[in-house]
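Inspection log for the structure reproduced underneath, given as structure tokens.
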Amino acid sequence: MSTKYYMCKNCGAPLSVTKKEELLKCVYCGVVNEISTIEDEMRKFMNDIARWLSSVGAVGGEGTDAAMRARYFADRIFPSLAVEFTNVVGDFVEPLEFPILYASFYDTLPHLQLDFEWKTNMGKPLQELAYKLSLPNVTSFATTPDSQEKLKSLEFRCWTIPLLLNTLGLVKSDSAENYVMATKSCDRIVEKIEEIKNFVEGDKKIYYEILAERFKLSSKYLSELAQKIAEKDSIPEEFLQELYETLESLKNRLKELKEAPRIDRVLVEEGLKRDLESYSTFSSILSLYTLSKKPFNDFMDSLRRIIKSVILRPDEKVLERVPDVLDMTWFTGTLELSKVSWFMENLKTVLTKRSVKAYGLDEVETWAAKNIKGSFEIYLYPFYLVRVATILKKGMLLWKKGVENAFYGLCDAAFNLSDQLFLEADYPSMLTPGFSKAINTTLGKKVEELSQLRASSPRKNVVILPPTVTPTDAQNLYLQAFIFREERELLIRETGKALRLPSSYGNKGFDPGKVKAIVPKTEELIYLPYVVGERKSGLFGEQFNLEQLPHRQKLVDEMRLFLQAI
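Per our numbering, the sequence shown starts with residue 642, numbered consecutively.
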């Protein structure tokens, strides 16, 4: 039975044929296509070859025939196939850099420049092209090692792109059954890699060996993941350690290669890095799943909600109010693997290990009885303790000597949840309460004492909240406060205009106008009790000059919903 060729001849988009239609309009570019079979394509292809051979007068002997075939492959066949491949692939990013494992909490696959969701039938044009490349009518013209390698490399990519995208589509469905099917896709890719290895030597052969090992690891991890989901058990640390060590070894081997294409090496190295982040993320997910009473799909739905609620912040309306000179790197507009991996590890830690540095656990209930009427719940809210080394503006002599002054500040570890972010341009006090207003003050000493806290395990009814911004994000706030002040002074000198100076610079918190140089360093993640009552809620720790900011309740609400759901 002949095989239909489901591809637009103009743009390479996938087509679908219904009934006995002979013409089909492409929904992407509008070109009307004539549906043909592989046999039709090859018949036209061979007629083209015959015309070309006739035009150059190919006559005489086996050697002449081989030489003419090699010339035709170089002049006509491979350039034509390469153009056809480019048309089919379109604007896809090279899939070698994709991680093998994704989760349903990604609406679209990050790192892929696709404005549509990948579906299995979309790989049909590439699979058809791969089939075409393997036919004797094509391979007989690849008479040299170089041409054979080119042909096999193109065929390899035609197979691996749909196989890998199909694999990603499977793992997005969040089920043990799909993970098992995804292992088979990885195994098929390994088979295709083994085929191409026979046509290359030296560094190129080693490159494909590394690539094969990567997909073998992926298959092994997906199989282990599927088994542990069914058993509702965690992946053993020994298994993970061996996996991570192998990935690092593959990355090091890649860097030593010289002859293999550099762009491929870079893409695969990036893919290995993302694999590592994916495996770490899913291992944390599995550890959390063992605590859940819900089926895996329902658990993943709950996980999707909390991740999107606490990481994908703020919305565009909030961003419009941000002055151009302020850095926004602490916000994640898309779900990056590294950010998700970091958050998942923190979420796992607060729910499983439950050993944290917390202030005021012994006094909070007495305080709550006096200040929060009625029944109440206790949560532990995260803060970063940041040591800020500064050189103050107190005369040129002090600056020249480089005398360092330092203070400790408390930085809200979930400041990205504030809906009122920069609404009044009150920066940075809204987001970073607890800055020491001056060196060696009573407040500064109280904050510094928090560095002496020892880890302890709170009672089971006390919920620990995970941070939603990283330690680096906390450091950036201090740096940006300083940069904002410098940018403001520069604008005054250059244009005579100035950004409005936030009130936080003059009457509370950290005043970067007095600082000549600054080096912030996040030292600890500590917790202060946040008490939630029927009518009133509040943060325990007034002596640290902390404001009662409304966004903290949002983190409490999201964590409460997540725990109820699982």
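From the three backbone atoms N, C-alpha and C, an ideal C-beta is built for every residue, glycine too.
Whole-number beta carbon distance between residue j and residue i, since they are thought to touch under 8 Å
i	j	result
Ala999	Tyr1168	4 Å
Ala771	Glu790	About 16 Å; that fails the 8 Å criterion.
Val1029	Pro1161	5 Å
Tyr920	Tyr862	6 Å
Leu776	Cys799	Contact flag wrong, Cβ pair sits at about 13 Å.
Leu1051	Leu1026	6 Å
Val1172	Phe1185	About 16 Å; that fails the 8 Å criterion.
Lys833	Thr801	6 Å
Ser611	Glu918	Because the chain here runs from 642 to 1207, residue 611 falls outside it and cannot be looked at.
Val1226	Tyr1049	This structure gives no information on residue 1226, because the portion of the chain shown stretches from 642 to 1207.
Pro1099	Leu1196	At roughly 17 Å, the Cβ-Cβ gap does not stay under 8 Å, so Pro1099 and Leu1196 are not in contact.
Asn987	Pro1107	4 Å
Rounded straight-line distance, which links the Cα of residue j to that of residue i
i	j	result
Leu891	Glu675	46 Å
Ala867	Asn1102	33 Å
Ser979	Thr784	46 Å
Lys1024	Leu1002	A small fix is needed here, since residue 1024 is Phe in this sequence, not Lys. About 15 Å.
Val1104	Ala817	30 Å
Ile926	Met985	7 Å
Lys914	Asp1114	22 Å
Thr1109	Val729	41 Å
Thr1111	Lys857	33 Å
Leu944	Ile1019	23 Å
Lys666	Cys649	9 Å
Lys1011	Ser1178	12 Å
Leu755	Glu1164	Unreliable placement is indicated for Leu755, whose pLDDT of 47 sits below 50; the coordinate value is still reported in the next sentence. Cα-Cα distance, rounded: 40 Å.
Ser1092	Thr993	24 Å
Ser950	Gly912	27 Å
Ile1013	Asp916	48 Å
Ala715	Thr780	13 Å
Tyr669	Arg903	33 Å
Leu811	Asn819	5 Å
Ile870	Asp939	13 Å
Leu1131	Leu1120	16 Å
Phe1123	Ile1159	8 Å
Ile830	Glu842	20 Å
Ser814	Asp942	11 Å
Thr1083	Tyr885	47 Å
Leu1190	Lys873	39 Å
Leu1202	Phe1017	17 Å
Val821	Ala1009	51 Å
Val909	Leu804	16 Å
Ser928	Pro936	14 Å
Asp905	Lys896	11 Å
Lys934	Lys989	16 Å
Lys793	Asp1198	55 Å
Met1200	Leu742	26 Å
Leu888	Asp787	31 Å
Arg712	Ile718	9 Å
Lys1086	Arg1095	17 Å
Gly671	Leu656	12 Å
His1192	Ile952	13 Å
Ser996	Glu883	27 Å
Identified DSSP bridge partners for residue i
i	result
Ala715	Note: Ala715 sits in no beta bridge, so no partner.
Tyr1022	Leu1169
Asn674	Leu665
Arg1028	Tyr1049 and Lys1162
Ile585	Past the edges of the chain, shown from 642 to 1207, lies residue 585, and the structure says nothing about it.
Val1104	Tyr1020
Leu1180	Tyr1171
Ser826	Note: Ser826 sits in no beta bridge, so no partner.
Ser1097	Val997
Chain C within 8 Å of residue i, Cβ atoms only
i	result
Lys914	No chain C appears in this structure, which consists of one protein chain only.
**Request:** Give a yes or no on contact between the segment 844 to 853 and the segment 877 to 886, applying the rule of three or more CB pairs nearer than 8 Å.
**Result:** In short, these stretches do not touch, since the Cβ pair count stays below three.
**Prompt:** Counting Cβ pairs closer than 8 Å, one from the segment 823 to 839 and one from the segment 713 to 730, do we hit at least three?
**Reply:** Taking a cut-off of 8 Å on C-beta distances, the segment 823 to 839 does not touch the segment 713 to 730, as fewer than three cross pairs fall below it.
**Start-end ranges of the alpha helix (DSSP H) lying completely within the segment 974 to 1009, minimum 4 residues** = Whole alpha helix (DSSP H) segments, 4+ residues: 978 to 993.
**Asked** Are the segment 817 to 831 and the segment 771 to 780 touching by the rule of at least three beta carbon pairs closer than 8 Å?
**Response** Under the 8 Å Cβ criterion, the segment 817 to 831 does not count as touching the segment 771 to 780, having fewer than three qualifying pairs.
**Item:** Length at least 4, wholly inside the segment 867 to 954: the alpha helix (DSSP H) runs in chain order
**Value:** Taking 4 residues as the shortest admissible run, the segment 867 to 954 contains the following complete alpha helix (DSSP H) segments, listed from N- to C-terminal end: 878 to 897, 903 to 930 and 937 to 951.
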